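A.B. asks: Under UniProt numbering, the final residue of the sequence shown carries the number 64; numbering is consecutive throughout.
First, the structure itself, so that you have it in front of you.
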Amino acid sequence: MPEHMHSYLTQTPQMCADTIVWLARERKEWLAGRFVFGPADMEELAAKKNEIVEKDLLKLKLVI
């Protein structure tokens, strides 16, 4: 990776570990099939649950 891109690499192993623990703590059916960025704030994501489900957000779809 080019040197000038290194400043964008701010994620730590702890951030990813926290995400895995949050996801594994309890089953979250509403996240099934959705993209979740590891270092994202999971509590903030959970607060947007209704909007994500209602608008069918965070899903990758193939449209032909």
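Where a beta carbon is used, it is the ideal one built from N, C-alpha and C, also for glycine.
A quick note: this is a predicted structure, and the numbers were derived from the prediction, not measured.
1) Less than 7 Å between the beta carbons of residue 9 and residue 35, yes or no?
2) Under DSSP, the alpha helix (DSSP H) around residue 56 begins and ends at which residues?
3) Which residue wins for smallest C-alpha separation from residue 61, given the options 12, 33, 15, 27?
4) Could you say which of 48, 53, 41, 51 lies nearest to residue 16 if we only look at CA atoms?
5) Name the two residues that bound the continuous alpha helix (DSSP H) containing residue 23.
C.D. replies: In brief:
1) no
2) Careful: residue 56 lies outside any alpha helix (DSSP H) and carries neither H nor E.
3) 33
4) 41
5) 13-25
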